[in-house]
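Just remember that the working numbering sits 2 ahead of the position in the sequence shown, which is counted from 1.
We put the beta carbon where it would ideally sit given N, CA and C, even for glycine.
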Amino acid sequence: MGMKMARFFTFTWLAIASSLGLACLAIAAAALRKSHDPLVIQNGFQNDYFSLAAIMGGLGALFVIVATVGLVSTLRRKPTLPPPADHF
3 MGMKMARFFT FTWLAIASSL GLACLAIAAA ALRKSHDPLV IQNGFQNDYF
53 SLAAIMGGLG ALFVIVATVG LVSTLRRKPT LPPPADHF
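As structure tokens, this is what we get:
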């Protein structure tokens with residue numbers, strides 16, 4: 003597998019991790035907003051939505067941090083050169 007193909011797969015996995023992280027953060031924001039709904043408070047589900055928001059926020063932050071660290075380490079990696087060919 004060539005260097006370009008390896009970087010393509012690396013960037014693909016990083017994009018997937020980043021997308022999962024942003025989706026988790028969106029769910030966390032929606033759950034936090036829903037936890038302040040009067041109907042949710044009246045039915046006693048406020049703590050459930052707040053717990054969902056906390057868990058999804060933590061997962062989202064984890065995925066985004068992993069994607070960011072992976073991207074930075076991939077971009078800082080120096081490309082490897084093939085061994086020199088003997089022409090003698």
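Would you kindly work out how many angstroms separate the C-alpha atoms of residue 16 and residue 10, rounded to a whole number? The sequence position of residue 16 within the sequence shown is 14, counting from 1. The sequence position of residue 10 within the sequence shown is 8, counting from 1. Approximately 10 Å between the Cα atoms of the pair.
Tell me which residues share the same chain as residue 34 and place their Cβ nearer than 6 Å to its Cβ, disregarding the 5 neighbours each side in the sequence. Against the sequence shown, residue 34 aligns to sequence position 32. Counting only Cβ-Cβ distances below 6 Å, and skipping sequence neighbours, we find 55.
Whole angstroms is fine: what's the gap from residue 63's alpha carbon to residue 30's? Residue 63 sits at position 61 when you count from the first residue of the sequence shown. Residue 30 sits at position 28 when you count from the first residue of the sequence shown. So the two alpha carbons sit approximately 11 Å from each other.
Just checking: is the beta-carbon of residue 41 within a distance shorter than 8 Å of some beta-carbon in chain D? Chain labels in this structure do not include chain D; a single protein chain is all it has.
Less than 8 Å between the C-beta atoms of residue 69 and residue 32, yes or no? As a first step, residue 69 is located in the sequence shown; it is residue number 67 there, counting from the start. As a first step, residue 32 is located in the sequence shown; it is residue number 30 there, counting from the start. Result no, Cβ atoms of residue 69 and residue 32 do not sit closer than 8 Å.
Residue 78 lies in the alpha helix (DSSP H); which residues open and close that run? As a working note, residue 78 is residue 76 in the sequence shown. Residues 48-78.
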